[in-house]
Amino acid sequence: MHDFSAQEREHYQRHVNLPDVGEAGQQRLKQARVLYVGAGGLGCAALPYLAAAGVGTLGIVDDDCIEVSNLQRQILYAYASVGQKKTQVAAARLRSLNPHIQIVTHDTRLSRANVLALFQQYDWIADGSDNFATRYVVNDACFHLQKPYVYASIAQFSGQCSVLAAAPHGACLRCLFPTPPPPSAYIPNCAEGGVLGVLPGIIGTIQAMEIIKLILGIGKPLVNRLLHLDALTMQFRELELMQDATCRLCHDQQAFASLPDYTQTLCSTQTDISAAILHTWQQQGKDFMLVDIREEQEYRAGNLGGVWIPLRELSARLSELNKQQPIVVHCQHGVRSKHAVALLQQHGFAHVYHLQGGMVAWMSYYASC
Numbered sequence: 152m153h154d155f156s157a158q159e160r161e162h163y164q165r166h167v168n169l170p171d172v173g174e175a176g177q178q179r180l181k182q183a184r185v186l187y188v189g190a191g192g193l194g195c196a197a198l199p200y201l202a203a204a205g206v207g208t209l210g211i212v213d214d215d216c217i218e219v220s221n222l223q224r225q226i227l228y229a230y231a232s233v234g235q236k237k238t239q240v241a242a243a244r245l246r247s248l249n250p251h252i253q254i255v256t257h258d259t260r261l262s263r264a265n266v267l268a269l270f271q272q273y274d275w276i277a278d279g280s281d282n283f284a285t286r287y288v289v290n291d292a293c294f295h296l297q298k299p300y301v302y303a304s305i306a307q308f309s310g311q312c313s314v315l316a317a318a319p320h321g322a323c324l325r326c327l328f329p330t331p332p333p334p335s336a337y338i339p340n341c342a343e344g345g346v347l348g349v350l351p352g353i354i355g356t357i358q359a360m361e362i363i364k365l366i367l368g369i370g371k372p373l374v375n376r377l378l379h380l381d382a383l384t385m386q387f388r389e390l391e392l393m394q395d396a397t398c399r400l401c402h403d404q405q406a407f408a409s410l411p412d413y414t415q416t417l418c419s420t421q422t423d424i425s426a427a428i429l430h431t432w433q434q435q436g437k438d439f440m441l442v443d444i445r446e447e448q449e450y451r452a453g454n455l456g457g458v459w460i461p462l463r464e465l466s467a468r469l470s471e472l473n474k475q476q477p478i479v480v481h482c483q484h485g486v487r488s489k490h491a492v493a494l495l496q497q498h499g500f501a502h503v504y505h506l507q508g509g510m511v512a513w514m515s516y517y518a519s520c
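Right, dumping it as structure tokens:
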């Protein structure tokens, strides 16, 4: 540890004392470059341990700002941070935790257009995103660049972690899920379906452990294994993964540029309208029906005066809607409303729109007027 300062030596002493780490292992951690995708609940758990462990360069990619509803599980942030960029606040906290490492922020949304250039700057990629579209982007780029993909996800009371796309025989995300769920399949993220606050802490620290094991080359990483936790029963299950013989990546070696961009089908739609457009329609007296598909507690906390039909009841209450009238559907964040639009279109509703960003975007727009 000839290039470690006296303070660094003291900081990492408990690591150096471990036979499987030692000075050589701590040097490997210092030389490692890790990119973490997402500064949400999982990231807020994994990032501090990676920083404290001495990962030399730690990148964070996220374009979100902190909301009060994040604070129940995203413990890097505080009330004073609300409204600020997650990457900037997280970076400041991590630098205070370990001033001997470099924190790099990428205030952008990960996409197929920027992922390769971004990932090429790092050795190890970890993903704490909350949607299928981003996970496919991460998976495909990691496979193409031959970088292990340390995957983690959570939902309500359960979570899972694995090391995917680990060459040469590691299964990838497409081996597990060859295609994403259809737009009409409502799969809520944490904001929509809820999550127990402590859960990302458990899964995120497991993810950090896997990254450190990979860097050090010790133990048995979760390659070709999916670790699943049911927090209500506190039962861990391990599933064996195998490369799919029909996988377009592992088997067919399909080029990155030719892979489908699911962000076009899962994250956007031509039926989007902004809060500004909705406001204009209201001012102009445009004939349309506004449908609020949120849950009762959300609706009672504040609404736009539209017809209230919770998403779970929408299929049974289609008769209350007029197929000849334009319909604007909205939820809290603009996620559930996309699934509602797909459902309505499947039942013959031709003029259906959804409010981008939902009630949150509307409130932000209205506050700026």
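The working numbering applies: residue 152 is where the sequence shown begins, and numbers increase by one.
Beta carbons are placed, not taken as given, at the ideal position from N, Cα and C, and that holds for glycine.
With contacts defined by Cβ atoms closer than 7 Å, A322 and M385 do not form a contacting pair. T208 is bridged by DSSP to R184 and Q253.
Here DSSP, grouped into helix, strand and coil, assigns K236 to strand. Less than 7 Å separates the beta-carbon of I305 from that of I354. In this structure, the CA atom of L186 is about 21 Å from the CA atom of Y163. Counting along the chain, H498 sits inside no beta strand (DSSP E), nor does DSSP assign it H or E at all. If you ignore the 5 residues before and after T422, its C-beta comes within less than 7 Å of the C-beta of V492, V503, Y504 and H505, all in its own chain and listed in chain order.
Distance from the Cα of V188 is smallest, within the candidate group Q178, A243, A229 and T259, for T259. Between the alpha carbons of G207 and A183 lies a distance of about 6 Å. When DSSP states are grouped into helix, strand and coil, C312 belongs to the strand group. Under the three-state reduction of DSSP output, Q272 falls in the coil class, being neither helix nor strand. Spanning the alpha carbons of C482 and Y516 requires a straight line of approximately 15 Å.
For V479, there is no enclosing alpha helix (DSSP H); the enclosing beta strand (DSSP E) covers residues I478 to H481. Secondary structure of D395 (DSSP, three-state): coil. M510 carries a helical assignment under DSSP once its states are collapsed to helix, strand and coil. Runs of the beta strand (DSSP E) spanning 3 or more residues and lying entirely within the stretch 345 to 386 occur at 376 to 381, in chain order. Within the model, the alpha-carbon separation for R246 versus E471 is close to 55 Å.
DSSP, read as helix, strand or coil, puts Y230 in helix.
Shown here, C216 sits in a strand according to DSSP, grouped into three states.
Contact annotation: the stretch 355 to 365 touches the stretch 194 to 210, with at least three C-beta pairs closer than 8 Å. With contacts defined as CB atoms closer than 7 Å, R468 and I478 fail to qualify as a contacting pair. Taking the Cα positions, D278 is about 16 Å away from K237. As the crow flies, the alpha-carbon of L169 is around 26 Å from that of G210. Measuring C-alpha to C-alpha distances from R399 to each of T431, R325, P250 and G352 identifies R325 as the nearest.
7 Å or more divides the Cβ of E391 from the Cβ of L378.
Exclusion of the five residues before and after G508 leaves G485 as the residues of its chain whose Cβ lies within less than 6 Å of its Cβ. DSSP lists no bridge partner for V492. P250 counts as exposed, since fewer than 16 other C-beta atoms from the protein chains shown sit within 10 angstroms of its C-beta. Remark: C-beta atoms of I366 and D171 do not approach each other more closely than 7 Å. Here the C-alpha atom of F308 lies approximately 6 Å from the C-alpha atom of V346.
For the pair L494 and A501, the Cα-to-Cα distance works out to about 11 Å. DSSP places I305 inside the beta strand (DSSP E), whose first and last residues are Y300 to A306. Per DSSP, reduced to three states, the secondary structure at D423 is strand.
Separation of Q178 and G453 (C-alpha to C-alpha, rounded to the nearest whole angstrom) is 54 Å. The C-beta distance from C195 to Q225 rounds to 4 Å, short enough to fall under 8 Å.
Distance from A242 to D213 at the Cβ level is roughly 11 Å; contact not present, criterion being Cβ atoms closer than 8 Å.
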